[in-house]
Amino acid sequence: MVVVSWPIIIAGKRLSSYPFINSIIKPFFMRPHNEVIFIPIQVAVEAPGQTHIPRRVLERLLHMVDDIFVFDECMCRSLMDCKNNPPSIGCMALGPTVSQMHGSHGKTIDTLAAISHLNRAADVGLVATVAHTWIDTVAFGLTPFKTLMFICFCDDCCCIFRKHMKKRGAGLEGAYQRLPGLEISHDREKCTGCGTCADACFLAAVSMEKGKAHITGECSGCGRCVETCEEGALSLKIEDEDSLLNDLVERIRSVSNLPLNTTKQKF
Ligand code: SF4
Ligand code: SF4
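Take the sequence shown: its position 104, counted from the start at 1, is 134 in our numbering, and no numbers get skipped.
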């Protein structure tokens, strides 16, 4: 099913330009069937002594979950024979539904092993993606959908979420929304207008206006542009760690019944 679902997603993004087809496809890219939240674990934050806030937020989330399954490999990088990032850093599936996961995909792990996996992904520059998407239940034959959540570690060359999004039709605008409290800040004085960030943005959420970069409302807060700007004109700003975690938990609860034990945090 994984092999079949891949071309469906790609075709859906491209065909969303056609109004009639868009009306059929759009629900599958939007809530409640599709919720995708990018967490920029690979980018340092401008906050003294707290540069790993996004990573810590995900660590705290992992402490709240009892059931964690790690895939032996990333389906996307494996299918696309990725040459840029290691296929061995697979997604993690969370929630009671993972008890149905076939053992050939990977294994269940404890919280500390999950955090170690998260840190490996961050260290090689992958973006974390908290995803509650219908395609996972189809691809892996899992039910119920409501108690299943994924944390994937995404790149820009092979990821099913990120690849081809620049070619999306107008109907898919707003498919990936930024977590509140997370901002990309732009210093116009430092900006040389080189356009590197615009090329790097998978959503085409950076426009060049009067020789300077402009971050549009389509930005999902993935942080990739921050990594690419050699002038230091872009930075990641975060309200504070607790607020970011609360926003993330709220978003997860608004689309799923994933059991989250907030009293089990270790921080
Ligand atoms: S990469 Fe940096 S310097 Fe270049 S356009 Fe973007 S913000 Fe400006
Ligand atoms: S503007 Fe930057 S942070 Fe926003 S979606 Fe594009 S690459 Fe990600």
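Positions of the beta carbon are idealized from the N, C-alpha and C atoms, including for glycine.
Everything numeric in this text was worked out from a predicted model, so none of it was measured.
Exposed unless 16 or more other CB atoms sit within 10 angstroms - verdict on residue i
i: residue 123; result: buried
i: residue 185; result: buried
i: residue 38; result: exposed
i: residue 283; result: exposed
i: residue 235; result: buried
i: residue 41; result: exposed
i: residue 70; result: buried
i: residue 289; result: exposed
i: residue 219; result: exposed
i: residue 132; result: exposed
i: residue 125; result: buried
C-alpha distance - residue i paired with residue j, whole-angstrom precision
i: residue 285; j: residue 176; result: 8 Å
i: residue 188; j: residue 101; result: 17 Å
i: residue 217; j: residue 263; result: 5 Å
i: residue 118; j: residue 103; result: 4 Å
i: residue 201; j: residue 60; result: 10 Å
i: residue 121; j: residue 147; result: 9 Å
i: residue 174; j: residue 167; result: 8 Å
i: residue 192; j: residue 158; result: 12 Å
i: residue 271; j: residue 213; result: 13 Å
i: residue 89; j: residue 155; result: 17 Å
Chain C contact for residue i (CB, 8 Å cutoff)
i: residue 52; result: Annotation note: the requested chain C is absent from the structure, which comprises a single protein chain.
Residue i CB to nearest heavy atom of ligand 2 below 7 Å
i: residue 274; result: no
i: residue 156; result: no
i: residue 199; result: no
i: residue 204; result: no
i: residue 231; result: yes
i: residue 250; result: yes
Residues that DSSP places opposite residue i in a beta bridge
i: residue 136; result: 101
i: residue 244; result: 237
i: residue 216; result: 264
i: residue 187; result: Paired residues: none, contrary to the question.
i: residue 179; result: 124
heavy atom of ligand 1 below 7 Å from residue i C-beta
i: residue 216; result: yes
i: residue 243; result: yes
i: residue 266; result: no
Does the segment 253–263 come close enough to the segment 226–239 to have 3 or more Cβ pairs within less than 8 Å? yes
Below 8 Å, how does it come out for the segment 43–52 and the segment 137–152: are there three or more Cβ pairs, yes or no? no
Any contact of the segment 58–72 with the segment 245–252, i.e. 3+ C-beta pairs under 8 Å? yes
Determine, using beta-carbon pairs with one atom in the segment 265–282 and one in the segment 235–246, whether at least three such pairs fall under 8 Å. no
Three or more C-beta pairs closer than 8 Å, one from the segment 162–169 and one from the segment 204–223: is that the case here? no
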